[in-house]
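So that you can map any letter, position 7 of the sequence shown is 6 in numbering that gives the first Met the number 0, and since no number is skipped, the others follow by simple counting. Input: a single structure, listed below in structure tokens.
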Amino acid sequence: MRGSANYSFSCTVHDKRFKDVVPDAIETIGKIQFHSIYGLARLISIYEQEKNNERRRFLMSDPSYEFLTVSGAQKAFTFFKHCCDHVFRSLACHDGSVLCLPHDGGTGFPVEQLNEVNNEGVKFAKMNSWENISTADKPRKVLIILPDGFRTINESFKHQDVEFAIFRNLADICAILSKTDVSSCVLVGPTTDVVPPKKEWCRLTSAVASAARNGVKIIAVAPPRGDAAYQQNRMEINEMIDLARKTATMMKQNLVSLIPMIEAGREPSHGPSAHPRANPADPYSVAVMKEYFDSLREYIRAEIQLPEFTPTASRSARTRLYFKQRKGKKNAEERIQRGRVGKHQPRFNNFRITTPTPPFAMLPQAMYTQWNPMMPMQPFVNNYGYRGRGGSSRRSSRRPPHY
0 MRGSANYSFS
10 CTVHDKRFKD
20 VVPDAIETIG
30 KIQFHSIYGL
40 ARLISIYEQE
50 KNNERRRFLM
60 SDPSYEFLTV
70 SGAQKAFTFF
80 KHCCDHVFRS
90 LACHDGSVLC
100 LPHDGGTGFP
110 VEQLNEVNNE
120 GVKFAKMNSW
130 ENISTADKPR
140 KVLIILPDGF
150 RTINESFKHQ
160 DVEFAIFRNL
170 ADICAILSKT
180 DVSSCVLVGP
190 TTDVVPPKKE
200 WCRLTSAVAS
210 AARNGVKIIA
220 VAPPRGDAAY
230 QQNRMEINEM
240 IDLARKTATM
250 MKQNLVSLIP
260 MIEAGREPSH
270 GPSAHPRANP
280 ADPYSVAVMK
290 EYFDSLREYI
300 RAEIQLPEFT
310 PTASRSARTR
320 LYFKQRKGKK
330 NAEERIQRGR
340 VGKHQPRFNN
350 FRITTPTPPF
360 AMLPQAMYTQ
370 WNPMMPMQPF
380 VNNYGYRGRG
390 GSSRRSSRRP
400 PHY
């Protein structure tokens, strides 16, 4: 390549350390050196996936630990394009055809999966530059995918680091995984009386494998008990995870199933079974969801650290509080406009204040009722004799006195 181009190539990648790729890395991790695109892609993939610095350092320093994601390959190709003229010229002269590797390079990964990651990295590096890419360690949310029985979860629990998604069928899970950008995901199995068809499980397998290639760590947990297809759904989830691990061999560490073959008492699925629903279509109560999430938090602590879930106020209570605060704010603004900021200021109700009637519009006042045009001319008559029970019968016999 050097002779055919007749150009003095500049390559500074041999002196680079991981500190040059991720400036925020700790000292022990920043000293790690890499010598190839695959080596840097492996280091970036581990660094982005793991959150504990000691675990990062151990896995990144162990060359026998093979782990590779599409995001790591894309960033590695872009960094070599920035620091190595050989890679830059190869990308500039590439005609866009699909690249095929002749062998796995001793990695032990299937060649077709390596080809897929390699082509994704090349396409990404051709369209982007290293200055526009950030590899900083940013906090990302944890996605919890729940069945339809937890559909009131967003009204009962809220946390800035946790995102909830509800599914009614397996196709909804595929749509959720295709749109998410989180780094960790907890997948709770379906709660159905009928086992979903096999073709839907195959589609879910493809979606889970694709999410794992993009760097999403998926933890599968058994669904709550109490449904007719509970046992079969447990088996289907385990088979789905096993097939997805074979499909995404390079990212198989991202796919974890915490569903044992024999049920364990510490599984979170045993919590809702103590409070069965009267109807399978009914949602779980707040107490049942709180119990389930407490068990789930302890059950997956070794894989993902979830925050403690605290129930929020009900919608009616939040509405009352909102209008109360709004009213108080409005009253405070009115007091400030009137120049009275002190407490317990009297409220002036202008509704009953009216303009007095002018004298020329007033009626004449006299002691005789005939002077008032609004009063009748005939004097009042004593009609007390016509009141009471039987008055109608006596009215015919008794006549009013003659004046």
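Backbone N, C-alpha and C fix where the C-beta goes; we use that ideal spot for every residue, glycine too.
Measuring CB to CB, does residue i end up less than 8 Å from residue j?
i, j, result
"Ile172", "Ala211", "no"
"Met249", "Phe108", "yes"
"Thr191", "Ala228", "yes"
"Leu176", "Ile218", "no"
"Asn52", "Ile28", "yes"
"Pro189", "Pro146", "yes"
"Pro267", "Tyr298", "yes"
"Trp200", "Leu169", "yes"
"Val97", "Asp103", "no"
"Val161", "Pro306", "yes"
"Lys157", "Ala124", "no"
"Val220", "Cys184", "no"
Tell me the rounded alpha-carbon separation between residue i and residue j.
i, j, result
"Phe76", "Arg233", "40 Å"
"Val21", "Phe66", "18 Å"
"Leu113", "Ala40", "12 Å"
"Phe350", "Gln336", "Confidence at Phe350 is low in this model, with a pLDDT of 49, below 50, so the placement of that residue is unreliable and no value is reported for it."
"Glu115", "Lys74", "15 Å"
"Val121", "Asn131", "16 Å"
"Lys18", "Asn330", "57 Å"
"Ile303", "Leu295", "10 Å"
"His13", "Cys82", "9 Å"
"Val287", "Arg139", "27 Å"
"Arg167", "Arg202", "15 Å"
"Arg319", "Arg300", "37 Å"
"Arg1", "His34", "Note on Arg1: pLDDT 46, under 50, position unreliable in the model; the coordinate value appears next. Going from the Cα of Arg1 to the Cα of His34 covers about 19 Å."
"Gln403", "Asp61", "Not covered by the structure: residue 403. The range shown for the chain is 0 to 402."
"Phe149", "Leu254", "24 Å"
"Thr11", "Gly264", "57 Å"
"Leu42", "Phe163", "30 Å"
"Glu405", "Arg88", "In this structure the chain extends from 0 to 402, so residue 405 is not present and cannot be described."
"Asn222", "Ile143", "Going by the sequence as given, residue 222 is Pro instead of Asn. About 13 Å."
"Ala247", "Ala208", "6 Å"
"Arg16", "Arg55", "16 Å"
"Lys326", "Ser155", "26 Å"
"Ile165", "Pro196", "20 Å"
"Val86", "Thr309", "52 Å"
"Lys178", "Gly105", "34 Å"
"Tyr291", "Ile236", "19 Å"
"Glu333", "Lys323", "16 Å"
"Ser182", "Asp226", "31 Å"
"Leu100", "Thr151", "50 Å"
"Phe57", "Phe78", "23 Å"
"Ser44", "Ser284", "40 Å"
"Gln159", "Arg224", "29 Å"
"Ala72", "Asp84", "18 Å"
"Asn213", "Ala174", "15 Å"
"Glu47", "Lys251", "15 Å"
If you run the structure through DSSP and keep just helix, strand and coil, what is residue i?
i, result
"Lys30", "coil"
"Ser63", "coil"
"Leu113", "helix"
"Ser256", "strand"
"Phe350", "Note that Phe350 scores a pLDDT of 49, beneath 50, so its modelled location is shaky; the value from the coordinates is reported in the next line. Correct three-state label for Phe350: coil."
"Glu49", "coil"
"Ala228", "coil"
"Thr248", "helix"
"Thr77", "helix"
"Val69", "helix"
"Ser89", "helix"
"Phe108", "coil"
"Ser96", "coil"
"Ala206", "helix"
"Asp23", "coil"
"Asn213", "coil"
According to DSSP, which residues form a beta bridge with residue i?
i, result
"His102", "Per DSSP, none; premise fails for His102."
"Val220", "Val187"
"Cys10", "Cys83"
"Arg233", "Arg233 is not bridged to any residue."
"Arg16", "Gln32"
Does the CB of residue i have a neighbour CB from chain C at under 8 Å?
i, result
"Tyr37", "No chain C is part of this structure, which consists of one protein chain only."
Subject >> Secondary structure, alpha helix (DSSP H): runs of 4+ residues fully inside the segment 118 to 202 >> reply: 152 to 155, 169 to 178
Subject >> 4-residue-minimum alpha helix (DSSP H) runs that sit fully inside the segment 261 to 313, ordered along the chain >> reply: 285 to 298
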